[in-house]
């Protein structure tokens, strides 16, 4: 019974922090093409949980988070879902190794993850709109997201006390 | 790991896990196809996401916006002397223009009354706060805290203080998503003044949307004002959008009048029914710039002959186009 509640709590943490990340990306700090690129916190949070609580970050969970992200941010629905799912599946074997490495390497791993998500998202959005989307905005937003990852990682570790909950797959 | 976690014990559960994984992947492909074709079946989901996310986003953004405003205020404070000088110059210049505008508005209203002209549709305005932006690299949209409950409709035009900035594309009960004129999907029929050159303003996710399909290609000059033309019927006629900025690599670019960086509140232009000026009324221009009708006393049979008198009564005549209400 205790194990069930721990698992439920982990799933809640994963879902709540992912939604908070998406909504934080949605905050109107700057509007329009001149605004400073704002990180895609949702991608960083998904990567963090794939690394630290893979049992909670399942395919249905990634699907749900990606869909919410697409709907809230006004992207082509499904493009973000597919980008997240495909990247998570393609880089699936990277996570067990990455988990044992220090933060610098994990950061590098996130660079690959975020880069692939942005690339797939760009391709799918361009295909859906039948026009090449500007690359510079995607690159700058991807770079800002990668730069922000250590902050996300530290915040999730400290605020949610990840280290104190047992690492347990669902 | 992602698929393995769905079933780790034995072959059967591993198979089920993989099946679920493949199933969700196919579902994602299906959602993508529906999204790419703008299928209306996704609209309820989008509306629900808008309604649920906008209050949370507004609350999350409040402290961040306060910090940002504080930084902007500090910058302004440091540059206060120059700022004051600029404001004084602007006030002198705008006072002159205000006099001209009032005179023209009165003359215009009187001419319309003489000709028994039915005015173009009038507009109401709703002010809303910007609570979210697209946050993505592919779209230039904002989320505002006004929706169907406040009278907003799909296609409602959105302005900042003076210029059109976009239109409503998705609508929730208390929130709406607005696609900006700079978005890659934005296409607005415009007219360039002076010259009355018709063209299409096309957003491409850059800060300078481009102009294409000119009615008189050789006569476009830097500094010409870009106004909405009402071709297509979405944007009312005469809303300012910006001015012709530069010719870059054979593409005419427009500098938008709106200051997107300072966009905190927006005005939504709500179209009203046609109103008609009473031909017998006397038009009075008030000191605050409002134009009102005053009907002289007349015999009952004469009163019955005027048309549209009920609709034209009161202060409804003060704005025949959005910019006239400024």
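Residue numbers (the working numbering), protein chains in the order written: chain A, 1 to 170; chain B, 1001 to 1326.
Virtual Cβ for every residue (Gly too), placed ideally from N, Cα, C.
Same chain, Cβ closer than 6 Å to residue i, five either side skipped, listed in chain order
i, result
"residue 1257(B)", "1163, 1240 and 1242"
"residue 158(A)", "none"
"residue 1251(B)", "1210"
"residue 101(A)", "none"
Cβ-Cβ distance between residue i and residue j below 8 Å
i, j, result
"residue 123(A)", "residue 1138(B)", "no"
"residue 1187(B)", "residue 1254(B)", "no"
"residue 1229(B)", "residue 1198(B)", "yes"
"residue 146(A)", "residue 111(A)", "yes"
"residue 66(A)", "residue 44(A)", "no"
"residue 1147(B)", "residue 1171(B)", "yes"
"residue 70(A)", "residue 79(A)", "yes"
"residue 128(A)", "residue 76(A)", "yes"
"residue 1176(B)", "residue 1152(B)", "yes"
"residue 41(A)", "residue 152(A)", "yes"
"residue 1336(B)", "residue 134(A)", "Here chain B has residues from 1001 to 1326 only, and residue 1336(B) is not among them."
"residue 1189(B)", "residue 1231(B)", "yes"
"residue 1083(B)", "residue 1076(B)", "yes"
"residue 68(A)", "residue 1030(B)", "no"
"residue 1053(B)", "residue 23(A)", "yes"
"residue 1149(B)", "residue 1265(B)", "no"
"residue 113(A)", "residue 47(A)", "yes"
"residue 17(A)", "residue 156(A)", "yes"
Limits of the alpha helix (DSSP H) - the one that residue i falls within
i, result
"residue 1086(B)", "1080–1114"
"residue 129(A)", "103–129"
"residue 87(A)", "79–90"
"residue 99(A)", "94–99"
"residue 68(A)", "59–73"
"residue 186(A)", "Not covered by the structure: residue 186(A). The range shown for chain A is 1 to 170."
Neighbour list for residue i in chain B, Cβ cutoff strictly below 8 Å
i, result
"residue 115(A)", "By Cβ distance, chain B contributes nothing, its closest Cβ being about 13 Å from residue 115(A), past 8 Å."
"residue 63(A)", "1024, 1027 and 1028"
"residue 125(A)", "1138"
"residue 106(A)", "Those within 8 Å of residue 106(A) in chain B number zero; the least Cβ separation is about 15 Å."
"residue 185(A)", "Given a span of 1 to 170 for chain A in the structure shown, any question on residue 185(A) remains unanswerable."
"residue 78(A)", "1028, 1029, 1030, 1031, 1032, 1033, 1034, 1035 and 1036"
Contact list for residue i against chain A, beta-carbon separation under 8 Å
i, result
"residue 1177(B)", "74"
"residue 1185(B)", "129"
"residue 1046(B)", "71 and 77"
"residue 1257(B)", "The contacting residues do not exist; residue 1257(B) stays about 13 Å from chain A at best."
Chain A residues whose Cβ lies nearer than 7 Å to that of residue i
i, result
"residue 1141(B)", "74"
"residue 1053(B)", "23, 26 and 72"
Residue span of the beta strand (DSSP E) that contains residue i, given as start and end
i, result
"residue 1123(B)", "1123–1133"
"residue 1166(B)", "1164–1171"
"residue 1159(B)", "1157–1159"
"residue 1233(B)", "Counting along the chain, residue 1233(B) falls outside any beta strand (DSSP E), and DSSP gives it neither H nor E."
"residue 1240(B)", "1240–1248"
"residue 1265(B)", "1265–1271"
"residue 1176(B)", "1176–1180"
Reference residue i, options the options, closest by Cα
i, options, result
"residue 1182(B)", "1166(B), 1233(B), 1133(B) and 1175(B)", "1166(B)"
"residue 1130(B)", "1088(B), 1110(B), 1158(B) and 1154(B)", "1158(B)"
"residue 1234(B)", "1205(B), 1212(B) and 1168(B)", "1168(B)"
"residue 1154(B)", "1190(B), 1114(B) and 1269(B)", "1269(B)"
"residue 1123(B)", "1073(B), 1156(B), 1037(B) and 1060(B)", "1156(B)"
"residue 1219(B)", "1227(B), 1196(B), 1210(B) and 1200(B)", "1196(B)"
"residue 1262(B)", "1072(B), 1026(B), 1044(B) and 1101(B)", "1072(B)"
"residue 1160(B)", "1126(B), 1134(B) and 1150(B)", "1126(B)"
"residue 1022(B)", "113(A), 118(A) and 89(A)", "89(A)"
"residue 1134(B)", "1057(B), 1101(B) and 1265(B)", "1057(B)"
"residue 1271(B)", "1248(B), 1236(B) and 1245(B)", "1236(B)"
"residue 83(A)", "10(A), 136(A) and 59(A)", "59(A)"
"residue 1222(B)", "1033(B), 1213(B), 1247(B) and 1027(B)", "1247(B)"
Same chain only: Cβ atoms within 8 Å of residue i, ignoring 5 sequence neighbours per side
i, result
"residue 1180(B)", "1140, 1141, 1142, 1165, 1166, 1186, 1203 and 1260"
"residue 1304(B)", "The predicted position of residue 1304(B) is uncertain, since its pLDDT is 40 and thus under 50; a value taken from the coordinates is nonetheless stated next. Answer for residue 1304(B): no residue qualifies."
"residue 98(A)", "51, 105, 106 and 109"
"residue 1064(B)", "none"
"residue 1051(B)", "1147, 1172, 1173, 1174 and 1175"
Proximal residues to residue i (C-beta, below 7 Å), its chain only, five neighbours per side dropped
i, result
"residue 95(A)", "50, 51 and 54"
"residue 210(A)", "Examination of residue 210(A) is not possible in this model, given that chain A is present from 1 through 170 alone."
"residue 1035(B)", "1042"
"residue 1302(B)", "Residue confidence is low: residue 1302(B) scores 44 on pLDDT, short of 50, so the model does not pin down where it sits. No coordinate-derived value is stated."
"residue 1201(B)", "1181, 1188, 1190, 1209, 1211, 1226, 1241 and 1254"
"residue 149(A)", "44, 107 and 110"
Per-residue contacts from residue i into chain A (C-beta, under 9 Å)
i, result
"residue 1057(B)", "23, 24, 26, 27, 28 and 72"
Cross-chain neighbours of residue i in chain B, by beta carbon under 7 Å
i, result
"residue 68(A)", "1049"
"residue 158(A)", "Result: empty, since nearest Cβ-Cβ is about 19 Å, beyond 7 Å."
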